[in-house]
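Taken in order, these protein sequences are the chains called A and B. Heads up, the first sequence is in my numbering, so the first residue is 1 and it goes up one at a time. Heads up, the second sequence is in my numbering, so the first residue is 301 and it goes up one at a time. We put the beta carbon where it would ideally sit given N, CA and C, even for glycine. Read through the structure below, which is laid out as structure tokens, and then see the notes.
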Amino acid sequence: MNKELTKHYSSGHSACAGCAFPSIVRTVLGEATTPVVIANATGCLEVTSTLYPYSNWKTPYIHNAFENVAATISGVEKAYEVLRRKGKIKKKIKFVAFGGDGGTYDIGLQSLSGALERGHNFLYVLYDNEGYMNTGNQRSSATPYGAFTETTPVGKISFGKTEVRKNLMEIVKAHQIPYLAQANVAFQSDLKKKAQKALSIEGPTFLSVFSPCTNNWKFPTSQYVNIAKLATETNFWPLYEIEKGKYKINWATDEPKPIEKFLKTQGRFKHLFKNKNKEVIVEMQAIVNREWERLANLSE
Amino acid sequence: MEKKNKNNIALTGGAAAAEALRQIEPDVMPIYPITPQTPIIETYAKFQANGLVDTEIIRVESEHSAISAAVGASAAGARTVTATSSQGLALMHEILYITSGLRLPILLVISARALSAPINIHGDHSDVMGARDSGWIQLFCENAQEAYDKTLIGMKLAERVKMPAMVIMDGFNTSHSVENLKTIDDQKVKKFIGELEPVNPLLDVDNPVTYGPVALQNSYFEFRIDEEKAMQEVFIEYEKIAQDFEKISHRKYDYFETYQTEGAEKIMVMAGTSAGTAKVVINKLRKQGEKVGILKINLFRPFPYQEIAEVLKDAQEIIVLDRAQSIGSKPPIYSEVISALFQAKKLKKVKSCVYGLGGRDLFQKQIEDILTGKNQEHYLT
């Protein structure tokens, strides 16, 4: 494999074929201009990269637990600060935390909030696969309305998840951090730019990256890029950034594709195409439109 | 007139531990407030605010994050300390196992307190006893002097054996009571504690390491066995460190303290503040000709079974006082004493008493009545 690409995260991991996060990890870390130290929440990325006695990480890495990656990196970063002050560390180092949506939106939200409020110098990268994929597809607060998961099963009286997904970007923004952005694995140059910017800014920065899951969203392994692309082309996953409080949409079209185009590519939405669930798709389109309009109004 | 010695001071147990921490001067100290631990972290924050220490204090949003940040800092290669009580320790519980599993020498100063429900802010040992199987060294303190001394010993011991350590004082009884104590000169303490030499620190970017991997059926078991081996090494290192400490302080801390146990027919076993009260009772009863003594536990984890059995073997009766329950089982220290005697093939009459839950006072009269057999109750209410 390309040596530059695998500088931090090697080949030979055990993530599924057609998984998005190896590409996200490599693209983000590829933008680092100094050595990096990684902290990782429990989840797919962690279990598929650290099976003892092997490790994919060619860069210092710590996994602590599920809900505390932001607190963990806080400790690492402060240790760095004091040891540098005391002359025990000479090099400049950047700190990057990786977490899935379970470890970020749900169980790790408090830890993330604390670390953002304290202003640690680190980049938090969320790879969002919209549910607990590592444990076999259970719903999280990132799971979209209408999606099938094993804990929001489709049944005679159920169409899947009944709640709208949490707007984490707004929660993170409320901490008044200097830079946060929403990106997508299928838009690599946009992701690169955002990673570069996030890594160059002092203080906490945040990237929310769309990360399709072949196994539990139920699509062929060859399709993750196409599906991720559709998420943005339908406005389901807008690309935007918030720098010093200012919103900027990074990708737009005059003719967004209807949400069905995205939904029909995945088994988790299959039930929505039954007659009785027509209204659910209508509602999903309305949710997408509302969020896009809100962002467009906020954007310069 | 006697010259005033600056090393003779009056402090609460909490402030005494903070004074020891000032001399240790950890690199990183994540803190989160909980009664009755607050005097420790507040006193330390003042040291930092006045430029007396160069420490990164991380004012986190929960105890879970306090210990999580401590894990990050310690793995990074920083000397790391935190402090807590009660619910805070319970909230840390998940990460306690991770700390010891990663072999990180974090020092945790604990002002031991009751657990909810019902909520109660006062002293007992329920919190720390709940963490007794988590792979942490546990050192109990009787008073402010011991809180000071064992904070120093605990830090050195943790770093020597690469295992985390808890230094435990009774909430309020010790943490908030002002007592006279003797401190040691800063220079002597610094020499005793020494420089931390981190093993495989995360910040050594030229030699990258992976902390916290997945270990499955083929390797997990061995990690756990290694942890037990490391804990057994604590005995030897504790002895050496206690000897070094004695040289600079003239205070001696064995695995446990024996008080009037020689020739004693009845020995009371206990840990923490109430041992001080019990010693007064022993003095009185000894004067009356009663052959009674005390075994006060310093090192509870690892537990010195053989050595304790050796002291207890000639007594006719042993009375174990626990300041915690193990609901559905027998109280923690009692169970260990029974086990120690059984392993030594010395079956004895051992009585169990539970006292002081939720800060309930234990009076001299109660201890006297147990030792003289007037009180046969299990609960000393």
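Give the DSSP bridge partners of residue i, in chain order.
i, result
"residue 138/A", "132/A"
"residue 308/B", "482/B"
"residue 297/B", "Because chain B here runs from 301 to 681, residue 297/B falls outside it and cannot be looked at."
"residue 182/A", "208/A and 240/A"
"residue 159/A", "154/A"
"residue 651/B", "619/B"
"residue 99/A", "126/A"
"residue 470/B", "412/B"
"residue 94/A", "36/A"
"residue 61/A", "38/A and 510/B"
"residue 149/A", "152/A"
On a Cα-Cα basis, can you pick out the residue from the options that is closest to residue i?
i, options, result
"residue 474/B", "316/B, 644/B and 625/B", "316/B"
"residue 68/A", "191/A, 157/A, 115/A and 24/A", "115/A"
"residue 420/B", "639/B, 471/B and 534/B", "471/B"
"residue 679/B", "632/B, 621/B and 563/B", "621/B"
"residue 257/A", "285/A, 22/A, 78/A and 11/A", "285/A"
"residue 459/B", "595/B, 531/B, 434/B and 480/B", "531/B"
"residue 55/A", "6/A, 101/A and 207/A", "6/A"
"residue 612/B", "404/B, 643/B and 337/B", "643/B"
"residue 554/B", "607/B, 625/B and 664/B", "607/B"
"residue 366/B", "336/B, 332/B and 658/B", "332/B"
"residue 669/B", "584/B, 311/B, 403/B and 443/B", "584/B"
"residue 163/A", "170/A, 174/A, 225/A and 143/A", "143/A"
"residue 253/B", "238/A, 113/A, 166/A and 215/A", "Because chain B spans 301 through 681 in this model, residue 253/B falls outside it and cannot be assessed."
"residue 589/B", "462/B, 671/B, 576/B and 371/B", "671/B"
"residue 47/A", "287/A, 61/A, 149/A and 230/A", "61/A"
"residue 59/A", "75/A, 44/A, 15/A and 40/A", "40/A"
"residue 310/A", "232/A, 44/A and 4/A", "Chain A is shown only over 1 to 300; residue 310/A falls outside these bounds and no answer can be derived."
"residue 442/B", "521/B, 572/B and 633/B", "572/B"
"residue 17/A", "216/A, 299/A, 276/A and 241/A", "216/A"
"residue 295/A", "238/A, 168/A, 118/A and 172/A", "238/A"
"residue 454/B", "305/B, 326/B and 618/B", "326/B"
"residue 447/B", "479/B, 592/B and 603/B", "479/B"
Go ahead and pull the three-state DSSP assignment for residue i.
i, result
"residue 501/B", "coil"
"residue 169/A", "helix"
"residue 622/B", "strand"
"residue 126/A", "strand"
"residue 477/B", "coil"
"residue 56/A", "coil"
"residue 495/B", "coil"
"residue 559/B", "strand"
"residue 671/B", "helix"
"residue 7/A", "coil"
"residue 679/B", "strand"
"residue 553/B", "coil"
"residue 66/A", "coil"
"residue 465/B", "strand"
"residue 299/A", "strand"
"residue 143/A", "coil"
"residue 104/A", "helix"
"residue 489/B", "helix"
"residue 635/B", "helix"
"residue 518/B", "coil"
"residue 202/A", "coil"
"residue 336/B", "coil"
"residue 112/A", "helix"
"residue 193/A", "helix"
Let me know if residue i comes out buried or exposed under the rule of 16 or more other beta-carbons within 10 Å of its beta-carbon.
i, result
"residue 307/B", "exposed"
"residue 77/A", "buried"
"residue 580/B", "exposed"
"residue 559/B", "buried"
"residue 281/A", "buried"
"residue 31/A", "buried"
"residue 221/A", "exposed"
"residue 524/B", "exposed"
"residue 513/B", "buried"
"residue 198/A", "buried"
"residue 53/A", "exposed"
"residue 271/A", "buried"
"residue 167/A", "exposed"
Any chance you could list the beta strand (DSSP E) runs of at least 3 consecutive residues sitting entirely within the region 359-447 of chain B, in chain order? 381-384, 407-412 and 437-440
Length-filtered (4 minimum) alpha helix (DSSP H) runs lying within the region 221-280 of chain A: Within the region 221-280 of chain A, the runs of alpha helix (DSSP H) that reach at least 4 residues and sit entirely inside it are, in chain order, 224-233 and 259-263.
For the region 566-616 of chain B, list the beta strand (DSSP E) runs that are entirely contained and at least 3 residues long, ordered along the chain. 566-570, 592-597 and 599-601
Pick out the complete alpha helix (DSSP H) segments inside the region 23-53 of chain A, 4 residues or longer, and give them in chain order. Listed in chain order, they are 44-47.
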